[in-house]
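Each remark here refers to the structure printed beneath this line.
Number of protein chains: 2
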Amino acid sequence: MEPVLESLLADAPLSQENERPPRLMAAMRHAVLAGGKRLRPILVMEVAELFGRQDDGVLTAAAALEFIHCYSLVHDDLPAMDDDDLRRGRPTVHKAFDEATAILAGDALLTLAFDAITADPVHEDPAVRLVLTRELSRAAGIGGMAGGQMLDLESESRARSEQEIRTLQAMKTGALLRYACRAGALLANAHEGDVDRLTRFGEIIGLAFQLADDLLDVEASAETTGKATGKDAAAGKATLVGLHGVDATRAELAKLQAEATALLQPFGEKAKPLIELADFISNRNH
Amino acid sequence: MEPVLESLLADAPLSQENERPPRLMAAMRHAVLAGGKRLRPILVMEVAELFGRQDDGVLTAAAALEFIHCYSLVHDDLPAMDDDDLRRGRPTVHKAFDEATAILAGDALLTLAFDAITADPVHEDPAVRLVLTRELSRAAGIGGMAGGQMLDLESESRARSEQEIRTLQAMKTGALLRYACRAGALLANAHEGDVDRLTRFGEIIGLAFQLADDLLDVEASAETTGKATGKDAAAGKATLVGLHGVDATRAELAKLQAEATALLQPFGEKAKPLIELADFISNRNH
Chain S
1 MEPVLESLLA DAPLSQENER PPRLMAAMRH AVLAGGKRLR PILVMEVAEL
51 FGRQDDGVLT AAAALEFIHC YSLVHDDLPA MDDDDLRRGR PTVHKAFDEA
101 TAILAGDALL TLAFDAITAD PVHEDPAVRL VLTRELSRAA GIGGMAGGQM
151 LDLESESRAR SEQEIRTLQA MKTGALLRYA CRAGALLANA HEGDVDRLTR
201 FGEIIGLAFQ LADDLLDVEA SAETTGKATG KDAAAGKATL VGLHGVDATR
251 AELAKLQAEA TALLQPFGEK AKPLIELADF ISNRNH
Chain A
287 MEPVLESLLA DAPLSQENER PPRLMAAMRH AVLAGGKRLR PILVMEVAEL
337 FGRQDDGVLT AAAALEFIHC YSLVHDDLPA MDDDDLRRGR PTVHKAFDEA
387 TAILAGDALL TLAFDAITAD PVHEDPAVRL VLTRELSRAA GIGGMAGGQM
437 LDLESESRAR SEQEIRTLQA MKTGALLRYA CRAGALLANA HEGDVDRLTR
487 FGEIIGLAFQ LADDLLDVEA SAETTGKATG KDAAAGKATL VGLHGVDATR
537 AELAKLQAEA TALLQPFGEK AKPLIELADF ISNRNH
């Protein structure tokens with residue numbers, strides 16, 4: 001993953017004979033090349049491989065998704081949003097640079113994602129690339145990630161029902177994880193039924209990811225996660241762990257893990273890496 | 287233009303069964319439906335009409351470009367950037383709402399643009415819609431508008447050569463105006479030579495727009511423009527007017543106007559609306 005991210009950043013396309021401002025490039029690299037888990041691009045690649053596709057075009061689509069994820073972290077970390085100084089154990093972009101640069105670096109990464117996803121190697125059929133582009137926009141936009149972040153910020157100031165929490169989480173983190181799995185299947189020309197199956201797998205991954213994240217916030221220390229913890233409760237943010245407690249949340253996670261495994265059962269041994277990913281997501285401690 | 291912007295905002299597509307957060311929708315509407323000049327979408331539409339196309343698909347592509355323009359204004363107005371309280375005589379988005387909402391509204395508008403530009407009615411050929419999508423990303427990204435804004439922020443802290451100023455302006459405001467004209471020609475299946483001609487026309491419009499803007503900043507009152515003026519000099523921002531003076535700038539504007547008119551001469555009477563637009567841009571007082 002890292003070489004593709006590096007080269008797409010280094011070769012960030014220009015409008016005409018214009019230049020790449022070095023400070024903006026540096027901030028974008030700081031945001032992207034920070035050794036994240038690369039969960040979303042790995043999902044794209046593993047799902048595509050499940051259906052027999054594994055090449056640079058898949059990597060490019062996966063990188064587009066990672067750019068979207070990284071932009072969202074840069075903007076979420078801003079003082080006006082979650083106000084985080086630390087991300088993956090390093091200073092956040094607005095701390096390493098400044099706020100204006102962080103806003104622009106996020107904007108430029110979001111924009112670059114829509115260049116990468118349209119690249120010729122992504123899929124030979126322009127119509128498929130258009131679908132991938134449009135669905136990426138919807139997963140990231142007002143009905144997806146950006147809308148979820150808005151609901152999350154609002155939830156600091158008022159109580160939320162379980163359904164409201166589930167909706168905001170499906171939007172804020174679920175939409176991109178769902179897209180990752182769906183995109184992998186579309187990239188590899190999977191049959192419609194299989195696209196639906198992997199889409200559902202992505203939704204389960206999204207739910208499990210959020211539950212595990214909420215558990216981590218309650219249980220882990222800042223040392224393990226490399227970021228500040230216990231912030232949800234301090235900020236008055238409603239979570240499912242807060243509503244149902246740690247034990248019930250662990251039980252729900254186990255159920256999701258079983259559902260994920262059952263969904264991929266028809267693919268036999270080939271699905272092992274994806275099932276291991278689902279396990280990792282449910283049980284991660286960072 | 288307004289009904290299309292309204293309906294694309296109202297029908298902002300959802301990822302799945304998710305919701306549109308009302309506060310984010312309101313902030314996006316505040317940013318877009320504020321009675322701007324609509325210069326970029328009008329250029330798209332007038333150029334497409336020059337080559338005989340005039341329908342809802344053109345309007346949708348034009349709206350995508352306006353969303354990009356409006357997102358950039360919302361982010362540029364933020365305290366960490368240009369710190370403007372007033373835009374078109376109304377409170378800026380972060381003043382009417384708050385900073386976090388303004389950041390997210392900008393992000394969501396940028397994202398929505400890439401949904402709109404991929405819409406089926408934009409062009410019957412998916413390959414053309416992909417080109418329009420990719421070029422929109424490049425005009426808006428690190429080698430275009432976002433990169434230009436970075437250079438502009440940096441120019442507050444050090445002197446810039448004439449070439450540097452021209453590059454930053456070609457990126458910050460030029461790239462989208464160039465794209466507007468180019469997209470209009472591509473939408474209407476203009477021949478390659480005509481696409482190049484209209485691309486050059488867009489570049490001239492971009493130069494003229496920036497020179498007229500710099501002149502306005504020096505000359506106009508806050509009353510006429512509906513925004514704070516004299517800010518460039520106060521911020522120590524280098525402009526071509528600052529380098530060459532008002533008279534030389536007026537002379538360059540007249541030359542650009544003549545070049546724009548000459549470029550469209552082969553189209554005869556049909557090009558009149560575009561030539562009038564070029565004149566308006568060169569001579570506007572707000």
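Listed in order, the protein sequences are those of chains S and A.
For the first sequence, my numbering begins at 1 and goes up steadily by one.
For the second sequence, my numbering begins at 287 and goes up steadily by one.
Every residue gets a Cβ at the ideal spot worked out from N, C-alpha and C, and that includes glycine.
Contact of Asp107 of chain S with chain A by beta-carbon distance below 7 angstroms involves His361, Leu396 and Ala432. Cβ contact annotation for Lys95 of chain S (same chain, cutoff 6 angstroms, sequence separation greater than five): Asp85, in chain order. With its beta carbon less than 8 angstroms from one in chain A, Gln149 of chain S belongs to the interface. When the Cα atoms are used, Gly392 of chain A and Leu493 of chain A turn out to be separated by approximately 25 angstroms.
Against Ile451 of chain A, chain S offers no close residue; the least beta-carbon distance is about 13 angstroms (beta-carbon pairs closer than 8 angstroms). Taking a Cβ-Cβ cut-off of 7 angstroms, the neighbours of Arg129 of chain S in chain A comprise Leu416, given in sequence order. Among the residues facing chain S, Asp401 of chain A is included, as its CB has a counterpart in that chain under 8 angstroms away. Following the DSSP letters along the chain, one finds Ala175 of chain S inside the alpha helix (DSSP H) bounded by residues Ala175 to Leu187. In terms of CA proximity to Glu19 of chain S, A:Ala425 leads the group A:Thr404, A:Ala317 and A:Ala425.
Chain A has a Cβ within less than 8 angstroms of the Cβ of Arg20 of chain S. Counting along the chain, the unbroken alpha helix (DSSP H) around Gln449 of chain A starts and ends at Glu448 to Gln455. Within the region 199-220 of chain S, no residue has a Cβ lying closer than 8 angstroms to any Cβ of chain A.
Within chain A, Phe400, Thr404, Leu416 and Thr419 have C-beta atoms less than 8 angstroms from the C-beta of Thr133 of chain S, given in sequence order. A residue is called buried once 16 or more other Cβ atoms fall within 10 Å of its Cβ, and Gln496 of chain A is buried on that count.
When secondary structure is reduced to three states using DSSP, Gly143 of chain S falls in the strand class. The contact set of Ala258 of chain S on chain A, defined by CB atoms closer than 7 angstroms, is empty, because the minimum CB distance reaches about 23 angstroms. At a cut-off of 8 angstroms between beta carbons, Ser137 of chain S contacts chain A. Among the residues facing chain A, Leu240 of chain S is not included, as its CB has no counterpart in that chain under 8 angstroms away. Classified as exposed, Ser157 of chain S has fewer than 16 neighbouring CB atoms from the shown chains inside 10 Å of its CB.
The alpha-carbon of Glu489 of chain A is positioned some 33 angstroms away from that of Val32 of chain S. Comparing alpha carbon positions, the residue from S:Leu5, S:Arg182, S:Ala183 and S:Asn283 closest to Asp214 of chain S is S:Asn283. By DSSP's assignment, Pro308 of chain A forms no beta bridge with any residue. DSSP places Leu395 of chain A in the helix class (H, G or I) of the three-state scheme. Bridge partners of Arg53 of chain S according to DSSP: none are assigned.
The continuous alpha helix (DSSP H) containing Pro3 of chain S extends over residues Glu2 to Ala10. Counted as a single uninterrupted DSSP element, the alpha helix (DSSP H) harbouring Leu216 of chain S occupies residues Glu192 to Glu219. Counting C-beta atoms within 10 angstroms of its own C-beta, Gly470 of chain A has 16 or more neighbours from the protein chains shown and is therefore classed as buried. Its Cα nearest to that of Ile389 of chain A, the residue S:His75 stands out among S:Phe267, S:Asp82 and S:His75. If the five residues before and after Leu253 of chain S are omitted, its C-beta is found closer than 7 angstroms to the C-beta atoms of Ala208, Leu211, Ala212 and Ser282, all from its own chain and listed in chain order.
Residue A:Leu529 holds the alpha-carbon nearest to the alpha-carbon of Arg452 of chain A among A:Leu395, A:Leu529 and A:Arg468.
For the pair of segments examined, the region 183-198 of chain S was found not to touch the region 244-251 of chain S: the number of CB pairs separated by less than 8 angstroms stays below three. Restricting attention to S:Thr173, S:Glu6 and S:Tyr71, the CA atom closest to the CA of Gly144 of chain S is found in S:Thr173.
For Gln543 of chain A, the enclosing alpha helix (DSSP H) begins and ends at Val532 to Leu550. By the neighbour-count criterion, in which a residue is buried when 16 or more other Cβ atoms sit within 10 angstroms of its Cβ, Gln435 of chain A is buried.
Excluding five sequence positions before and after Leu291 of chain A, the CB atoms of its chain that fall closer than 7 angstroms to its own CB belong to Val318, Leu319, Ala349 and Glu352, given in chain order. For Leu151 of chain S and Ala546 of chain A, the gap between their C-alpha atoms comes out near 48 angstroms.
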